[in-house]
Amino acid sequence: MSPRSRPVRLAAATAILLITPACATIDPVAGPSTSAAPSAAAGHGEIAGAAEVAEPPLQLVSVDESGALGALDLLDGTTAEIARVGAPEALASDGRYLFVTTDAGVEIVDSGAWTWDHVDHFHYYRAEPRTVGTVDGAGPATVSTGLLSTAGATGIFLSGSGQAVLLDNAALGDGRIDELFRIETGAPEGVAAPLGGGALVSAPGEDGGMLRFHEADGAVTPSTTECVDAQGSITTRVGLVVGCADGAVLATMDRGEPVFERIPYPADATAERAIGFDGRKGRPTVAAIAGDAGLWLLDTREREWTLVETDAPLLRVAAVDDADGHVVALDTEGRVRVLLAGTGEEVAVTEPLLPETLDADALTGVSLTVDAQRAYLSAPTEGVAYEIAYADGARIARTLETPTEPAFLAEVGR
């Protein structure tokens, strides 16, 4: 069964991951100058006490309702409890760090597993997991990360206190929290997303809202762009994307200065706007839910939106952006659907996987992540996670028991 679709031309990515001892090489993505790409000056991500390994140290980290974090090694199946935080309200991750929103603020745990993206090759590392500390503030908290966990910065917008915070990633790697800046915005919600050596922070504007670039020390710059109702951000290989009421802003850096490009929705678009983006880490194309209509795809290389309409409303969606253009989605009946970006064709669908979670209204903690070969779907009430071979008919490759109940779940090591 194929859904109705209105595809716009979407170039398929052709990168192929080649695993080699201690270093993996890929073909770099063709396209515009990628100021968001990691620079050689950032080093190779070495951290004292970390061991370089031959393949991605992929793990699933689960957080139960009491705040116990457990890691399941996807390579050898071993498990361990790695930390304990307050009762979780939300979870975000950059593929290494776990940012857990609690009553205390945002509690940060280092999983000890990460991938260094060096544009044309990867390096992989393992270290002992540890608790880093807490960023004080009233949530809900919106966390925005970059491509690297070992360099650059991480942004946090604390809606309850209206504060934008920028954290130094190198300090996180040393096991400490260094707030590069903390800005009082006076807004009840917004975005603080790392860009270059600073961050974009949403702010009120004459036309309803804008994004302003702040230096790493919080200093205000004259670099601004209109963005009404900024919601959702993601860093792709091309640049930083921030969702706006009328489309998205793509921000890059040129000679130390931010450059803004507007990517408006198609003129005839009637679907709801994107308010959050997800996809395989570092890839140019990302996905977002389009209300009840289906999903949006945003190709940041081509500066194009695609609306793919689906037969059922969606709860989660992530773009794989592989050679076939796979997109993985979870619908409101708990089925995982696999579509192709270029045509909108649905190529596979599972049986309902979350009957107890749907009945228990536990959808807040449901996560869907994708990597180069698999998708991982958490089932909080069922107490498991599903490993799905999205390129093989959405086959359930494994049903995984996590070391703690997966009230929240994240994939790390990528």
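Here the sequence shown stands for residues -24 to -1, 1 to 390, where the numbers follow mature numbering (1 follows the signal peptide of the UniProt record, and there is no 0).
Where a beta carbon is used, it is the ideal one built from N, C-alpha and C, also for glycine.
#1: Which runs of the alpha helix (DSSP H) at least 4 residues long sit entirely within the stretch 283 to 347? Give them in chain order.
#2: So, with DSSP's three-state summary, where would you put residue 148?
#3: Pull up the CB-CB distance for residue 271 and residue 305, whole angstroms please, since I reckon it's below 8 Å.
#4: Can you give me the start and stop residues for the beta strand (DSSP E) that residue 159 sits inside?
#5: CB residue 175 to CB residue 131, shorter than 8 Å?
#6: Provide the residue(s) that pair with residue 254 in DSSP beta bridges, ordered along the chain.
#7: Are residue 79 and residue 62 close, meaning C-beta to C-beta below 8 Å?
#8: Residue 236 to residue 357, Cα distance in whole Å?
#9: Hey, would you say residue 389 sits closer than 8 Å to residue 89, going by beta carbons?
#10: Could you work out which residue in 303, 378 and 329 is closest to residue 53 when comparing CA atoms only?
#11: Does the stretch 90 to 102 come close enough to the stretch 135 to 145 that 3 or more CB-CB pairs lie under 8 Å?
#12: Please confirm if the stretch 278 to 285 is in contact with the stretch 328 to 337, defined as three or more CB-CB distances below 8 Å between the two stretches.
#13: Buried or exposed, going by whether 16 or more other CB atoms sit within 10 Å of the CB of residue 87?
#14: Compare the C-alpha of residue 73 against each of 50, 38 and 327 and name the closest.
#15: Express the C-alpha separation of residue 387 and residue 214 in angstroms, rounding to a whole number.
#16: Here's a check: name, in chain order, each residue in its chain whose Cβ is nearer than 6 Å to the Cβ of residue 49, leaving out the five neighbours to either side.
Judging by the given coordinates:
#1: 331 to 335
#2: Three-state result, residue 148: helix.
#3: 6 Å
#4: 155 to 160
#5: yes
#6: 263
#7: yes
#8: 43 Å
#9: yes
#10: 378
#11: no
#12: no
#13: buried
#14: Selected option, being the one with the closest Cα: 38.
#15: 23 Å
#16: 35
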